[in-house]
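Following full-length UniProt numbering, the numbering of the sequence shown begins with 1 at its first residue and continues without gaps. Note that beta-carbon positions come from the ideal geometry of N, C-alpha and C, so glycine has one too. For clarity, every value in this text was computed on a predicted model and none was experimentally measured. Taking it in order: structure first as C-alpha cells, then the write-up.
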Amino acid sequence: MALTPELSRQTKLKEVAGIPLQAPTVDNWRQIQTFEAKPDDLLICTYPKSGTTWIQEIVDMIEQNGDVEKCRRTIIQHRHPFIEWARPPQPSGVDKANEMPAPRILRTHLPTQLLPSSFWTNNCKDTSSS
C-alpha cells in the first residue's frame with residue numbers, strides 16, 4: 001500500500017520500513033523498538049479484527065486457572081496492553097508493559113518483521129493468528 005500525501009493527511013499515517021502505521025506509533029518508534037521483552041512474556045500477535053479480544057480473553061482465563069472473577073479484575077486494555085499504543089498524554093503501551101509484573105501477556109497488531117528484536121532474542125512465547 002503506497003502512502004500518498006492525501007492518505008497520510010486523512011488517516012494520519014507515517015511509514016516504518018515501507019509499512020503505514022498510525023502517526024503516534026511512529027512518533028514513539030524508538031521506545032517500541034527498544035522495548036525489552038522478558039523470557040516469560042507471552043505475545044498475542046494478530047491482524048486487526050481477527051479475534052484478538054477472544055484470544056486474549058481465552059489466554060487470560062487459562063492464566064487465571066478459569067477463575068472468572070480474577071479475569072474481571074480490570075478492563076482488558078490494562079491487563080494486556082498493545083505494545084505499539086501511543087496516544088499522549090496517556091501512558092504508552094510500552095510504559096504499561098514495563099509496569100506489569102511477570103508473567104506478562106502483551107498484544108500487538110505489528111507485522112512480525114517490525115517487532116522489537118527482544119521478542120526473538122529472549123525466546124518469548126507467542127501466539128499468532130492467520
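(message) Strictly by DSSP, which residues pair up with R107?
(response) Taking the first residue of the sequence shown as position 1, residue 107 is located at position 107. Per DSSP, I44, F82.
(request) Between the Cα of L110 and those of Y47, L42, D27, spot the shortest distance and give me the residue it belongs to. (result) For the purposes of this step, residue 110 is identified with residue 110 of the sequence shown, where counting begins at 1. The option with the nearest alpha carbon to L110 is Y47.
(message) So if DSSP puts L21 in a beta bridge, which residue, or which two residues, is it bridged to?
(response) Here residue 21 corresponds to residue number 21 of the sequence shown, with the count starting at 1. According to DSSP, L21 bridges with K14.
(message) What residue range does the alpha helix (DSSP H) around K96 cover?
(response) In the sequence shown, counting from the first residue as 1, residue 96 sits at position 96. Here the alpha helix (DSSP H) through K96 covers 93-99.
(message) Taking the straight line between their C-alpha atoms, what separation do you get for L13 and C71?
(response) Looking up residue 13 in the sequence shown gives position 13. Looking up residue 71 in the sequence shown gives position 71. Between L13 and C71, the C-alpha separation is close to 34 Å.
(request) Answer yes if the segment 29-49 comes into contact with the segment 81-96, meaning at least three C-beta pairs across the two stretches below 8 Å, and no otherwise. (result) yes
(message) Using a Cβ-Cβ cutoff of less than 7 Å, which residues in the same chain neighbour V16 once the five nearest sequence positions on both sides are dropped?
(response) For the purposes of this step, residue 16 is identified with residue 16 of the sequence shown, where counting begins at 1. Excluding sequence neighbours, V16 sits near V26, W29, L114.
(message) Less than 8 Å between the C-beta atoms of T108 and L43, yes or no?
(response) Taking the sequence shown and counting its residues from 1, one reaches residue 108 at position 108. Taking the sequence shown and counting its residues from 1, one reaches residue 43 at position 43. Closer than 8 Å, so yes.
(request) From the DSSP output, in three-state form, read off I75 for me. (result) Position 75 of the sequence shown, counted from the first residue, corresponds to residue 75. Coil at I75, not helix or strand.
(message) Please list the terminal residues of the continuous alpha helix (DSSP H) segment that includes Q56.
(response) Here residue 56 refers to the residue found at position 56 of the sequence shown. Here the alpha helix (DSSP H) through Q56 covers 52-63.
(request) Would you mind reading off the limits of the alpha helix (DSSP H) that contains Q90? (result) For this step, residue 90 is matched to residue 90 along the sequence shown. Where Q90 is concerned, there is no enclosing alpha helix (DSSP H), given that its DSSP letter is neither H nor E.
(message) I105 and E63 - do their beta-carbons sit closer together than 8 Å?
(response) Here the question's residue 63 lines up with position 63 in the sequence shown. Here the question's residue 105 lines up with position 105 in the sequence shown. Result yes, Cβ atoms of E63 and I105 sit closer than 8 Å.
(message) Distance check for A23 and I58, CA to CA, integer angstroms please.
(response) Start at 1 with the first residue of the sequence shown, and residue 58 comes out as number 58. Start at 1 with the first residue of the sequence shown, and residue 23 comes out as number 23. Roughly 31 Å separates the two Cα atoms.
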